[in-house]
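Take a look at the structure set out below.
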Amino acid sequence: MKKEKLGVVLIITIALFAVIGILLYDPIAQDINYHSFGDSRERFYILNFWNVVSNLPFLMVGILGLYKIMVTGTLTIVEDIKIAYILLFLGVTLTAFGSAYYHLWPNNQTLVWDRLALTVIFMSLFSIVISEFISTSAGKILLFPFIFAGFASVIYWYFSELQGAGDLRYYAFVQFFPMIAIPLILVFFRSRYNQVKAYWLLLAAYMVAKIFEQFDDEVYSGLGVISGHSIKHFLAALGLYILLVSYERRSCN
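Our numbering puts the first residue of the sequence shown at 2, with every later residue one more than the last.
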């Protein structure tokens with residue numbers, strides 16, 4: 002079996018097992034403790050100060066990305082799906098606002114806006130990788146269905162919470178399946194561009210960021226200055242900045 006065909010088979014197989022798992026697994030409600038942070042200190046009348054201001058790197062990366070795509074045109078991108086790159090950095094920009102809003106008033110209602118912006122990042126990035134490594138037409142066709150699925154997963158979760166039967170399963174799939182599929186695409190397919198390692202660095206930064214998020218309290222207790230959740234924001238933004246720089250420096254193979 003050719004390497005590319007094996008990659009497709011693996012991705013489809015994992016997707017099928019994930020969907021079956023979602024259908025068989027009980028609904029997952031949002032843990033109310035999710036809204037409690039290790040560092041909830043107030044500074045300058047801003048509650049959860051560091052969790053709020055640590056979103057500034059997202060704003061800077063997002064605006065810089067949009068500027069380089071739409072104004073200077075200095076990024077090396079697949080022009081046929083330019084909209085996907087615009088949506089990627091628009092999603093990063095919106096995440097800065099959505100996440101800051103959520104951390105100012107942490108609850109399910111504000112979390113919706115954070116997650117809607119994040120799904121734009123996940124789905125547009127997935128579409129970009131498909132376009133660069135597998136098929137431009139496939140990535141272009143899948144872009145808006147992907148984003149629609151992302152929005153639907155968040156809206157479904159929110160309304161399920163309102164009904165007292167919260168269900169995060171579909172949002173979890175939208176968030177984590179691309180993080181599984183993208184490495185397989187990087188391994189089994191060849192990009193039209195060099196600087197592929199930037200995608201690996203982005204994935205690594207995101208994985209480490211999620212670890213810091215998981216140990217939010219412990220990191221804050223150990224450092225006493227900043228929490229794991231705030232570090233998560235910095236690391237995720239750093240990964241996206243590395244990707245942005247690679248888009249500017251790369252060239253066709």
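Backbone N, C-alpha and C fix where the C-beta goes; we use that ideal spot for every residue, glycine too.
Assignment of residue 243 by DSSP, reduced to helix, strand and coil, places it in the helix class.
Residue 194 carries a strand assignment under DSSP once its states are collapsed to helix, strand and coil. The distance from the Cβ of residue 147 to that of residue 128 is about 6 Å, consistent with a contact at the 8 Å cut-off.
Membership of residue 71 in any alpha helix (DSSP H) is not indicated, and neither H nor E is assigned to it by DSSP. Residue pairing for residue 12: DSSP places it in no beta bridge.
Cβ atoms of residue 133 and residue 79 come within 8 Å of each other, at about 6 Å. Assignment of beta-bridge partners to residue 42 by DSSP yields no partner.
For residue 82, the secondary structure class from DSSP, reduced to helix, strand or coil, is helix. Restricting attention to 178, 140, 186, the CA atom closest to the CA of residue 18 is found in 178. With the rule of 3 Cβ pairs closer than 8 Å, the stretch 42–54 counts as touching the stretch 88–108. For residue 47, the beta-bridge partners assigned by DSSP are 44. The beta carbon of residue 12 is closer than 6 Å to those of 182, 185 in its chain, skipping five residues each way along the sequence. Measuring C-alpha to C-alpha distances from residue 171 to each of 222, 180, 155, 163 identifies 155 as the nearest. Counting C-beta atoms within 10 angstroms of its own C-beta, residue 10 has fewer than 16 neighbours from the protein chains shown and is therefore classed as exposed. Contact annotation: residue 126 and residue 97 have beta-carbon atoms that are not nearer than 8 Å. Residue 176 sits buried, since 16 or more C-beta atoms from the chains shown fall within 10 Å of its C-beta.
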